[in-house]
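Engineer: Under this note's numbering, the residues of the sequence shown are numbered 42 to 563, in order.
First, the structure itself, so that you have it in front of you.
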Amino acid sequence: MATVEQQVNRDAHNGATPNGAAAGTDIPVENPATGQVVAHVPDLDAAAVAELAARARDAQPQWEAFGFDGRARILLRAQKWLIEHAERVIETIVSETGKTYEDAEFAEIAYAAGAFGFWAKNAPRYLADERVKSAQVLLKGKKLILRHRPLGLVGVIGPWNYPLTNSFGDCIPALAAGNSVILKPSEVTPLTSLLLAEGLRECGLPEGVFQVATGRGPTGAALTEQVDMIMFTGSTRTGRKVAAAAAERLIPCSLELGGKDPMIVLSDADLERAANVAVYYSMQNAGQTCISIERAYVEAPVYDEFVGKVSEKVRALRVGAPHGPGSVDVGAITFPPQLSTISEHVTEAVDKGARVLAGGKAVEGVGGRFYEPTVLVDVDHTMKIMTEETFGPTLPIMKVADAEEAVRLANESPYGLGASVFTKDTARGEQIARRLEAGAANVNDAVVNYTALELPMGGAKASGLGSRHGAGGIRKYCSQQAIVVTPRLAMKRELHMFPYKAKTTRMIARLFKLMYGRGDRD
Ligand code: NDP
């Protein structure tokens, strides 16, 4: 059977050779910035996914046997490959997402290049056998080992907003741990994953260890039926379905879901910095980032000044089809239904009394799919723009009396992915960060926690289960095995074993009293 990469039918203008995939039955991949179809990919059914899984399982033992050093060698070659082919990868990402050159370079290439190196270096440390000491008297003299062993076959289901970072990025630690991986990218953005599969093969990754299952929702559901663990990034709605399917099969799952990340600006904040961070991290990648700033709460004394600065900066942003570095600031809306969600949230807010200070509508008559960078004020929590994930280039700003009101409103959400607080009093900022119900909280910055691969990145509440990055971000792709070794010269019969004798039982009871029953407790 040909691999999925071999079956991809790219349209002639992007340089790849068409190879006979039937475009009628396959999935068209559209450039959201131009509206042109750039390729077709196969829509794999459950039987095809099962075939990929069988191949992956055959390949896994050999990959595990490469050991940490052997796997690191391939990952480090892939790091170099990525940098050497950066232009081609950026072109592919831009062609299927419509994002700007810089959004692809800074938030995708930079992330993946760093991640290849990070997991190559840290997998052995995070997954090394641990010698454990037990307080249990029966275990004295025995050797206790905690071992992390790869699960076997990991499935990754990825979203369309960061085809390299969010989709492929989660495969890197799974591979570093010694698993085979099948990635189901969003059907909207499958090309980057396919290109990376090609790159990994060139770097010497054995056949079958990393495969891409292109397709729609049912392909993702079929993948969940085959794997030993599923890593999912996407909406809370679909995340629940994935978790239910994983529960049926009793396999672990890790979910990174939606967010409605709040930003709090206190009166003593550096307003120029706060405004720049607010504009960048609400509009970067056209707002299609799980941890983008989705709403801001600003203390009354600095509200007008902050709003003035933000509105001016947002009005200056250039939105449109990217054509190379520096051409535009804000790119396209990648996912077709997202444009309606953004429009609906803005329109509903305006109908309920919000004022638009910048943008406020879709960009018409340009061929692609764009939404004007938008700033809204006079907003409140009766509006979807303040409570539901908008995932677009929008920033609603709400005036609050004080930090207490800001914290209360920030936490008044089913989501809890990221949050940020701005103040020159960093100790107070840290105290407030600790009170925010979010998996990550930044003081005087936003989003950057994602780049700290040493820190867990995961959501609280309806924003997810588990996390990526850090020790937990690779251990989740392993099962734990406890190994207990009794030395060669152990007693022939341990004290507690048959036959039970009253004298021994009383002695053991005295021992328990000595160990656990001495002294006062209050
Ligand atoms: P979804 O969560 O619905 O889908 C993500 C992926 O899961 C897609 O590949 C999808 O395929 C697949 N999928 C759908 N149903 C199943 C299933 N039953 N089992 C396994 N996989 C399945 O995200 P969308 O792309 O539809 O975006 C919807 C919303 O999600 C956005 O508006 C945004 O709010 C949020 N989102 C959050 C992201 C984040 O980073 N946390 C990233 C992207 C989106 P298919 O597309 O064919 O349904």
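Glycine included, every Cβ here is placed at the ideal spot set by N, Cα and C.
Can the beta-carbon of T233 be found less than 7 Å from the beta-carbon of L205?
Structural biologist: In this structure, L205 lies closer than 7 Å to T233 by Cβ.
Engineer: Is DSSP giving L494 helix, strand or coil here?
Structural biologist: It is coil, neither helix nor strand.
Engineer: Just to confirm before moving on: does the CB-CB distance between P414 and P437 stay below 7 Å?
Structural biologist: Not a contact, by the Cβ cut-off of 7 Å.
Engineer: Hey, would you say A479 sits closer than 7 Å to A444, going by beta carbons?
Structural biologist: Not in contact: A479 and A444 (Cβ atoms no closer than 7 Å).
Engineer: Just how far apart, CA to CA, sit I115 and Y167?
Structural biologist: Roughly 19 Å between the two C-alpha positions.
Engineer: Hey, is the stretch 295-310 in contact with the stretch 335-351, meaning 3+ C-beta pairs nearer than 8 Å?
Structural biologist: Judged by Cβ distances under 8 Å, the stretch 295-310 makes contact with the stretch 335-351, as three or more pairs qualify.
Engineer: Run the CB neighbour count on L555, radius 10 Å, all protein chains shown included, and call it buried at 16 or more, exposed below.
Structural biologist: So L555 counts as exposed.
Engineer: Tell me which residues share the same chain as V484 and place their Cβ nearer than 7 Å to its Cβ, disregarding the 5 neighbours each side in the sequence.
Structural biologist: The answer, listed in chain order, is V462, T467, G470, E471, A474.
Engineer: Excluding sequence positions up to five away, which residues of its chain have a Cβ less than 6 Å from the Cβ of A481?
Structural biologist: Taken in chain order, the residues that qualify are G459, N490.
Engineer: Taking the alpha carbon of D392 as the point to measure from, which residue in G365, T423, G367 has its own alpha carbon closest?
Structural biologist: Of the listed residues, the one whose Cα sits closest to D392 is T423.
Engineer: Any contact between the stretch 288-298 and the stretch 111-126? By contact I mean 3 or more CB pairs, one from each, below 8 Å.
Structural biologist: With the cut-off at 8 Å, the stretch 288-298 and the stretch 111-126 do not touch.
Engineer: Examine the Cβ distances between the stretch 403-419 and the stretch 257-269 and report whether three or more of them are shorter than 8 Å.
Structural biologist: At 8 Å Cβ cutoff, the stretches do not touch.
Engineer: In this structure, how does DSSP classify V441 when only helix, strand and coil are distinguished?
Structural biologist: V441 falls in the strand class under three-state DSSP.
Engineer: Select from K184, T492, I383, S520 the residue whose C-alpha is nearest the C-alpha of I292.
Structural biologist: Comparing Cα-Cα distances from I292 to each of K184, T492, I383, S520, the minimum goes to S520.
Engineer: Is the CB-CB distance between Q120 and A164 below 7 Å?
Structural biologist: Cβ atoms of Q120 and A164: not closer than 7 Å.
Engineer: Would you say the beta carbon of E430 comes nearer than 6 Å to a heavy atom of ligand 1?
Structural biologist: For ligand 1, at least one heavy atom lies less than 6 Å from the Cβ of E430.
Engineer: Between Y321, E313, K183, N72, which has its C-alpha nearest L530's C-alpha?
Structural biologist: Nearest option by C-alpha distance: K183.
Engineer: Alpha carbon to alpha carbon, how far is V348 from C331?
Structural biologist: Going by the C-alpha atoms only, they are around 24 Å apart.
Engineer: What's the gap between the Cα of V355 and the Cα of A399?
Structural biologist: Approximately 7 Å between the Cα atoms of the pair.
Engineer: Sort E171, V441, S227 by Cα distance to V343 and report the nearest one.
Structural biologist: Among E171, V441, S227, the Cα nearest to that of V343 is on V441.
Engineer: Is S461 near ligand 1, with its Cβ less than 6 Å from a heavy atom?
Structural biologist: S461: no, Cβ never under 6 Å from ligand 1.
Engineer: Can you tell me where the alpha helix (DSSP H) with V29 in it begins and where it stops?
Structural biologist: Limits of the chain in this structure are 42 at one end and 563 at the other, which puts residue 29 out of reach.
Engineer: Measure the Cβ-Cβ separation of P378 and T274 and say whether it is below 7 Å.
Structural biologist: Not in contact: P378 and T274 (Cβ atoms no closer than 7 Å).
Engineer: Nearest to L380 by alpha carbon, out of F539, H364, F411?
Structural biologist: Minimum Cα distance to L380 is reached at F411.
Engineer: Quick check on the burial criterion: 16 or more other C-beta atoms within 10 angstroms. Buried or exposed for R172?
Structural biologist: Its Cβ having fewer than 16 others within 10 Å, R172 is exposed.
Engineer: Would you kindly work out how many angstroms separate the C-alpha atoms of D419 and E346, rounded to a whole number?
Structural biologist: About 15 Å.
Engineer: DSSP on A501, reduced to helix/strand/coil?
Structural biologist: If DSSP states are grouped into helix, strand and coil, A501 belongs with the strands.
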